[in-house]
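Protein chains in written order, with our numbering: chain A, 10 to 391; chain B, 18 to 285; chain C, 25 to 388; chain D, 2 to 254; chain E, 399 to 695.
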Amino acid sequence: GGKVYKLGLSLAITGPTSDAGNPYAKGVEDYFKFVNETNILGDDKIDCTIRDDQYKTDITKRNFEEYLDDGIVMYLNYSTGSTLGLKRDFEEERIAVLPASYHAGNLDDSNYIFLPVASYSEQLVALSEYVAQNHTDGKAKVAMFIHPSAFGRGPVDDAKKAVAAGLNLEIVEVVEHGKDLDNSAMLKRLMSKDVQYVLCHTVQSPVATMLKDSSRLGLTAKTYGEQGKLTFLGVHYTGGNDLIALAGDACEGYFWTCSFNLTSEKGEGTTKQLALAQLYGRDDKAANSHNYAAGIMVAQVATETIKRVKAKGKKITKETLYNELNSMNGANAYNPYTTMGPVTYSKTDRAGVDMLQIYSVQNGVFKKIGEPMQSKFMKKIK
Amino acid sequence: MGKNLLEVNNIEVVYNDIIQVLRGVSLNIPKGGIVSLLGTNGAGKTTTLRAISGLLKPENGAIKEGYIKFNGTDTTHLMGTDIVKMGAVMVPEGRRVFKHLTVNENIIVGSITRKDGSAKIREDNELMYKHFPRLSNVTNRMAGYSSGGEQQMIAIARALMAAPEMLMLDEPSLGLAPLLVKEIFDNIQKINKELDTTILVVEQNAKVALAISDYAYIMESGKIVLEGPSKELQDNPDVKEFYMGITKGGKRKSFKDVKSYKRRKRWM
Amino acid sequence: MSANSWLATGNFHTTYRQEQKTFFTSLDRSVFTLFLLILFFWPLLFPLSNKYMLVVDNILIAIVAVMGLNLVTGFAGLISIGHAAFVGIGAYTIASFCRTIGDSHIIVTHFWPVLILISGFVGAAFGALVGLPALRLKHLYLAIATLSFQMIFQWVINFMTFFNQGQTIFVGRVFWFTGKVGRNDHYLFWYYIILVIVVLLGFGVRNLLKTRYGRSLVAVRDNDRAADAMGINPGLTKVYAFALAGFFAGVAGALHAYLYRGVGFESFTLHESISYLAMAIVGGLGTLNGSFWGPVAIKFLDLQVEHLSEAAGQYLPSSMNLATALKPFSFGLVIVLFLMFEPRGIANWWRIAKSYTKLWPFRY
Amino acid sequence: MAHLTVSDVTLSFGGLKALSNVDMIIEPGLITSIIGPNGAGKTSMLNCISGFYHPTRGDIFYKDKKLTNSSPHQVSNMGIARAFQNLELFSGLSVLDNLLLARHQNLKYSFLHAIFFYGKASRIEAENRAHVETIIDFMELEPYRKSLVGNLSYGVQKKVEVARALTLAPDILLLDEPMAGMNQEEKEDIVRFVMDIQKEKEITVVLVEHDLGVVMDISDQIYVLDFGEVIGSGTPEEVAQNPKVIEAYIGED
Amino acid sequence: MSYFFQILVSGIVVGSIYALAALGLVLVYKSSRVANFAHGQIIAAGAFITYYLTVGLGIPIFFSFLVGMIITFFLAMSVERIFLRRLIGEPIISVIMVTIGLASIIDGLIFITPFGTENFSFPQFLPQTPLTFGGVSISWTQLVGVIITCLLIGAFSWFFKKSTVGISMRAVSDDQFGAMSVGISVPKVFGLAWATAGLSAAAAGCIIGNITGLNFETLQAFGIIVFPVVILGGLDSILGAVVAGIIMGLIQQFASGYLDGNFGLNGTGDVMPYIILLIILLFKPHGLFGIHEIERV
Ligand SMILES: Nc1ncnc2c1ncn2[C@@H]1O[C@H](COP(=O)(O)OP(=O)(O)OP(=O)(O)O)[C@@H](O)[C@H]1O
Ligand SMILES: Nc1ncnc2c1ncn2[C@@H]1O[C@H](COP(=O)(O)OP(=O)(O)OP(=O)(O)O)[C@@H](O)[C@H]1O
Ligand SMILES: [Mg+2]
Ligand SMILES: [Mg+2]
């Protein structure tokens with residue numbers, strides 16, 4: 010018999026953000042099942058415990074303690090709050106962590122957190138760059154529509170830094186939204202301040218409500234950057250199929266950055282993703298979710314790391330896995346089928362996939378806009 | 018006087034499964050009559066009325082023995098609503114008007130169990146103000162602000178709106194000034210005559226109760242200890258002394274002279 | 025009293041003072057002492073894993089908080105839907121120290137007992153402040169006022185940069201006579217600290233309830249107008265009840281901060297307030313021992329359901345959310361069933377059991 | 002000197018005048034009764050004295066202290082106790098606890114004493130209990146000592162109501178219809194209590210009662226209210242002769 | 399100026415939806431003095447049932463609105479029968495806690511379905527072009543929402559004021575024993591109260607679902623948001639719910655229209671209702687229209 014490697018994932022399967030957490034959990038679960046059934050690690054198996062933490066740091070901590078008691082070798086986490094909150098524990102335990110939160114702050118004062126893809130900050134700055142580049146006359150006036158939490162606020166400062174570093178746009182306002190039923194007031198206010206672009210960093214449902222209101226008020230730009238109208242753009246968790254489900258026609262022309270391949274753009278990766286989903290009987294909704302892809306992706310990275318350590322004939326421990334992750338660059342970069350580009354980690358760079366794809370909603374599906382790109386200003390402000 | 022409308026046979030009532038309050042109470046109420054039920058505090062008069070009107074349950078009480086028949090039907094284990102529908106309505110102790118409803122709304126609520134059409138109900142509603150003219154001045158006032166006497170009238174009118182065959186009153190004179198007591202009891206008598214409503218009245222004020230009733234029961238510690246036509250009881254020396262405060266000489270005895278010792282009642 | 029106090033079976037009181045005693049018989053006292061000894065020694069004999077020790081510590085903290093909630097809601101009858109916010113006030117008192125003087129400043133790491141006490145008083149101060157509406161508001165109106173406080177608390181923490189906008193504020197490791205309390209001893213260490221606090225506060229409450237300070241709480245619950253006529257200032261009593269609850273909550277919050285070595289606002293949301301209420305009710309409102317039963321029961325249930333839903337997740341088609349659904353479902357179901365069939369809480373079972381043993385073998 | 006002076010008190014609720022220009026003098030050591038039809042303002046008068054209502058106009062003095070705007074607990078602390086017309090008991094508590102509670106103001110020990118329950122607190126609580134037991138004896142409530150007040154019959158609850166007011170050991174006792182809902186025999190008992198209270202404990206009693214027999218027999222002084230106004234006052238004999246009183250209240254017999 | 403008016407109109411629209419969501423809470427409170435913390439879940443259930451009828455079973459949308467309301471009516475009624483009936487006469491806090499537990503149970507049940515975590519939206523059935531008057535625009539969805547709200551609220555107001563059953567429901571909340579003595583069946587009244595609350599909740603759920611899309615978290619959060627509304631209006635007043643709903647809607651819209659993003663403030667729309675509530679309660683402890691408890695000693 011082979012060995013069993015223990016991993017743990019704690020995430021919000023219920024509670025806030027569970028609309029993302031749910032498919033994410035499915036992705037992780039399915040991929041590990043697939044690994045075990047198809048003997049990707051030979052005789053060895055991966056045993057990944059998945060536990061709900063309802064988006065609460067306290068429960069996450071308890072789950073983490075239990076995983077430690079169980080002897081996990083790598084940890085998969087989810088929320089921004091808990092990743093930040095457990096940072097010190099990760100340091101003390103010297104355990105590599107792959108969170109679903111791409112918050113740039115996860116990387117500060119910490120050596121063990123590995124962001125799977127480019128940070129929110131990088132995504133938001135990249136979007137800002139896109140706006141600045143494609144804006145035709147003068148300085149683009151931008152508002153930010155932000156989730157009222159650590160998750161939402163993190164990238165705002167970086168965007169401001171980018172502006173200070175010479176990015177040619179003006180951030181007119183940063184709005185932290187609430188649970189509004191009607192965003193008319195806010196949209197009108199933005200219009201009154203001549204705002205032309207709204208950069209969103211929150212979750213889907215408030216964006217959907219805003220898009221609907223904007224379209225009702227006739228404020229949505231028909232084409233990118235239309236004068237006197239609003240063009241909406243957003244970061245990872247603002248988009249996806251759920252946004253289309255919620256906002257319907259109102260989200261036509263919405264711009265979105267994502268580091269994952271979407272099933273609406275057929276490719277080798279998405280075919281595999283759909284096959285995996287079909288193998289384990291997932292419904293269409295989960296199968297096509299980019300959060301499902303994100304879940305698969307962290308499982309892929311974990312599996313790949315274990316595989317490489319094994320290949321070197323070393324014991325699988327927290328330490329060897331950590332070191333292996335750090336050497337995942339250059340020729341050793343790993344290319345999972347789920348992402349836009351390769352995953353690269355090093356002692357100095359712990360954001361995995363650096364490539365971003367901009368998508369836009371056209372006729373009810375997200376379509377690629379241009380080629381995968383990388384943020385330039387993010388390097389400047391670091 | 019006709020046959021018995023209500024027949025209470027040897028009932029025993031227990032609260033909270035342990036506190037036995039009634040120990041074999043039997044009553045007979047003839048159709049169209051007025052019967053009064055007297056007794057000391059805690060004797061179980063209120064409990065008896067609750068038992069008859071099916072309202073023991075909310076107080077966590079239950080009838081353990083015996084039966085109650087109303088109009089020939091066994092109602093021992095029926096719920097309050099059904100008993101009201103059958104025509105026995107109680108005016109509870111302490112009036113219990115709906116404080117935040119207007120006087121008229123209080124009265125209208127009484128008709129909730131009736132099925133005989135809104136015209137008839139409206140007619141009865143008018144009739145109540147004929148019986149209790151005092152209320153017609155305050156129809157739209159919140160009942161909670163009415164005086165004690167008015168509240169008692171509201172409670173009686175409310176009960177009458179159910180067009181009951183039998184009306185049970187629990188201490189209607191409670192806290193009322195002498196003139197009002199008189200008015201209320203005159204009304205009770207009138208209702209008995211004009212609407213042909215059978216009446217069971219629980220009272221502490223033995224004088225007025227015996228004056229209007231045909232028959233009376235006296236209750237102590239959960240048992241009926243004395244019964245008879247009201248006329249006879251009025252002359253019973255014990256009743257006279259203990260319930261009406263009249264000395265052997267026939268004079269009212271002064272409260273100033275109450276002694277600290279107690280004479281034993283002969284029925285005990 | 026009979027000559028041999030061990031054989032005393034009834035209440036033989038010859039003075040009223042004897043009736044005030046905490047333990048009526050020596051047997052009672054001995055059983056209790058034994059119980060305490062067990063509480064102190066079991067972790068040494070049967071060491072638990074970190075996770076379970078954390079759970080146990082958590083239960084003890086919840087007991088502190090629920091004792092407070094029980095005083096204001098159970099004894100004084102003032103429904104508080106903002107108790108977690110008070111707990112949060114305690115935790116954020118510690119966090120404020122960490123923010124201003126640094127999370128490994130000697131005051132934070134060495135003088136933690138003082139900080140815990142301070143947190144209690146800060147909690148009490150806020151309790152009194154939030155209790156002020158009780159001077160005018162009653163019943164649900166008051167309950168919703170406390171809900172408002174909860175919401176305002178969340179908003180303030182979430183938006184103020186001083187509080188790190190709700191993100192975790194770290195708290196350093198504390199020192200004991202033996203030096204720094206390290207990772208491995210952390211949960212055990214706090215177990216003993218919290219246990220001592222629970223025992224002290226428990227006796228405090230028990231004594232309080234025998235005196236006018238406790239009775240006045242019950243008086244305003246049952247009938248505040250009559251209380252007024254009996255010379256009890258109902259307004260002041262209500263404010264005082266909130267302050268008391270605030271104190272307990274503040275202490276619990278401080279303990280929470282130290283135990284988790286960090287303070288983040290998710291630990292003090294409306295949902296937590298509601299679980300504190302659930303604990304108080306399931307335990308038994310208006311009883312002291314209910315404050316112990318409730319947290320134990322609810323946290324234990326939580327754990328069991330987690331296991332159950334995990335087990336279920338393995339066997340059921342994973343395309344169903346059944347495993348995740350099980351948790352809120354069974355949590356709700358237990359609360360509802362409990363209230364439907366035992367609205368007076370576990371404390372009532374305790375009472376029944378006790379009266380049974382007293383009468384045994386003579387039932388009735 | 003008069004114990005309690007009510008001078009020119011008016012109390013209005015919106016348009017309704019519950020009391021208008023009422024003057025009353027309550028002499029120490031006597032039984033003063035207030036009678037009148039329902040809604041005449043008797044309870045309102047007691048409410049004004051005990052601080053539940055504050056007169057719209059006029060003043061109330063106790064000895065030299067003005068208590069017009071005091072709140073109920075302040076009045077109670079001055080030594081004026083009150084039994085309510087509609088039961089206002091702590092219905093979830095036992096009779097004993099109801100009485101223990103009433104002694105709140107007389108128990109002087111600090112919060113710290115209470116928490117640790119040492120010295121003063123425990124001694125004073127024991128004394129408190131002893132005091133309450135004498136009242137239970139006095140009012141013959143022994144059988145009900147430990148029963149929940151809410152489960153007692155109306156009459157017994159009324160008795161507890163009076164007992165609780167007595168427990169306060171007041172100078173003045175305000176009784177609002179203590180005999181409502183009692184039969185002759187029980188009324189006699191209560192009368193005996195009231196008279197004993199007055200004689201033995203030298204407590205001034207203010208009595209509101211509808212039973213004229215009782216009022217006429219035991220009062221030293223009677224005030225008759227009707228529609229919020231004093232329509233007659235004096236000794237029982239004087240009042241009984243007053244035609245206005247007969248018309249408004251007593252009726253022709 | 400159109401800025402101001404747009405905010406005003408939006409405030410009123412949002413407010414009337416609050417009012418409708420709050421209505422169910424008022425209905426239950428009015429007859430049983432119970433604050434229902436599971437109201438948000440019932441709103442969500444109503445919305446999802448309707449969604450299922452339209453999309454899953456393909457019933458025409460107006461018809462499925464009706465059917466959805468009726469189903470929720472019976473659903474809420476059975477909730478009362480199963481869970482709350484035993485608790486008649488128990489302390490209010492126990493009953494409140496039962497509703498909290500109930501909320502959790504319904505959460506669990508909804509989590510079994512895809513509705514618990516995923517997002518959906520109703521098919522579009524109303525014209526998409528908004529109605530615009532002088533620069534102020536309102537969508538058809540909002541307009542229909544406001545009209546349904548007005549109709550339902552008008553109907554319930556009449557019911558409580560005039561019909562004998564309505565009056566008897568109020569009577570029960572005043573004095574249960576007194577109500578039983580005149581033959582009112584208290585359990586029936588409670589069942590009816592819950593049922594009508596369910597009906598209004600379903601209506602609210604559909605309207606909100608049409609505006610924001612169907613997201614369980616969002617829908618269920620209404621159960622809490624309505625509390626400041628009903629308290630401000632006075633727990634037992636339907637009129638109060640309407641007025642307070644609109645006030646809250648306006649506060650939120652004006653807060654987010656004028657405060658947010660201006661003074662370094664943000665998210666004020668979420669907290670202002672609670673602050674305003676506290677301030678108003680200081681002056682009107684029974685809310686704007688709540689009846690004053692008649693307390694005569
Ligand atoms: N809900 C209850 N639970 C327990 N015991 C009760 C309950 N209600 C009444 N009792 C007891 O039952 C006995 C009879 O009470 P009941 O109210 O029937 O007396 P009553 O004759 O109406 O007296 P009163 O004239 O004082 O009203 C009393 O001893 C009382 O304590
Ligand atoms: N809180 C109040 N609000 C409005 N009106 C009140 C209030 N309290 C009393 N009243 C009114 O004041 C008047 C006097 O009432 P009060 O209770 O003093 O009468 P009473 O003489 O004690 O009558 P009873 O003999 O019935 O007890 C009544 O008309 C009553 O409706
Ligand atoms: Mg009685
Ligand atoms: Mg009175």
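Even glycine gets a Cβ: it sits at the ideal position worked out from N, Cα and C.
Check	Outcome
Between which two residues does the alpha helix (DSSP H) containing K221 of chain A stretch?	213–225
Could you name the residues of chain H that F259 of chain B contacts, counting a contact when the two beta carbons are closer than 8 Å?	Among the chains of the structure shown, chain H does not appear; the protein chains present are A, B, C, D and E.
Give me the residue from A:V13, A:S384, A:K385, A:D363 with the minimum Cα distance to L124 of chain A.	A:D363
Quick one: does the C-beta of E110 of chain B sit closer than 8 Å to a heavy atom of ligand 3?	yes
Please classify F194 of chain C: does DSSP put it in a helix, a strand, or coil?	strand
Sorted by chain position, which residues of the same chain lie with C-beta nearer than 7 Å to I359 of chain C's C-beta, five sequence neighbours on each side aside?	A302, V306
Could you give the distance in angstroms between the alpha-carbon of T347 of chain A and the alpha-carbon of G278 of chain A?	5 Å
With a threshold of 8 Å, establish whether the CB of P316 of chain D neighbours any heavy atom of ligand 2.	The structure shown does not extend to residue 316 of chain D, since chain D is modelled only from 2 to 254, so the question has no answer here.
Taking CB distances under 9 Å as the criterion, tell me whether S535 of chain E reaches chain C.	no
So which residues on chain A does D726 of chain E lean against when the C-beta distance must stay under 9 Å?	In the structure as shown, chain E starts at 399 and stops at 695, and residue 726 of chain E therefore has no counterpart that could be examined.
Using only Cβ atoms and a threshold of 5 Å, which residues come within that distance of a heavy atom of ligand 1? Order them by chain position.	B:Y32, B:I36, B:V38, B:N58, B:G59, B:A60, B:G61, B:K62, B:T63, B:T64, B:E76, D:N152, D:L153, D:S154, D:Y155, D:G156
With DSSP as the reference, label V432 of chain E as helix, strand or coil.	coil
With DSSP as the reference, label E140 of chain B as helix, strand or coil.	helix
Suppose contacts are defined by Cβ-Cβ distances below 9 Å. Is R175 of chain B in contact with I208 of chain B by that definition?	no
For the segment 188–212 of chain D, which residues have a beta carbon sitting closer than 9 Å to at least one beta carbon of chain B?	K188, E189, D190, V192, R193, M196, D197, H211, D212
What number of angstroms, rounded off, separates the C-alpha of I498 of chain E from the C-alpha of L212 of chain B?	50 Å
Checking contacts by CB at 9 Å: is F14 of chain D closer than that to chain B?	yes
Threshold first: 4 residues or longer. Then list the alpha helix (DSSP H) segments lying entirely within the segment 548–593 of chain E, N to C.	562–572, 574–579
With a threshold of 8 Å (Cβ to nearest heavy atom), would A19 of chain D be considered close to ligand 2?	yes
Can you confirm whether Q206 of chain B, when its beta carbon is compared against all beta carbons of chain D, has any partner nearer than 9 Å?	no
I'd like to know if the segment 253–265 of chain C and the segment 24–38 of chain A are in contact, where contact means that at least 3 CB-CB pairs between them fall below 8 Å.	no
Counting only C-beta atoms, is E89 of chain D closer than 9 Å to chain E at any point?	yes
At a CB-CB cut-off below 7 Å, which residues of chain B make contact with G589 of chain E?	Ordered by position in chain B, no residue passes the 7 Å Cβ test against G589 of chain E, which lies about 13 Å from the chain.
Measuring straight from C-alpha to C-alpha, what distance separates S50 of chain C and G101 of chain C?	34 Å
Compute the Euclidean distance between the alpha carbons of A619 of chain E and G438 of chain E, then round it to the nearest angstrom.	6 Å
Under 8 Å, with one C-beta from each stretch per pair, do the segment 639–652 of chain E and the segment 404–414 of chain E reach the 3-pair mark?	yes
In this structure, does DSSP put A47 of chain B in helix, strand or coil?	According to the sequence provided, residue 47 of chain B is Pro. The question's Ala does not apply to it. In the structure shown, P47 of chain B sits in a strand (DSSP, three-state: E or B).
Cβ closer than 8 Å: which chain B residues qualify as neighbours of I565 of chain E?	L118, E122, I125, V126
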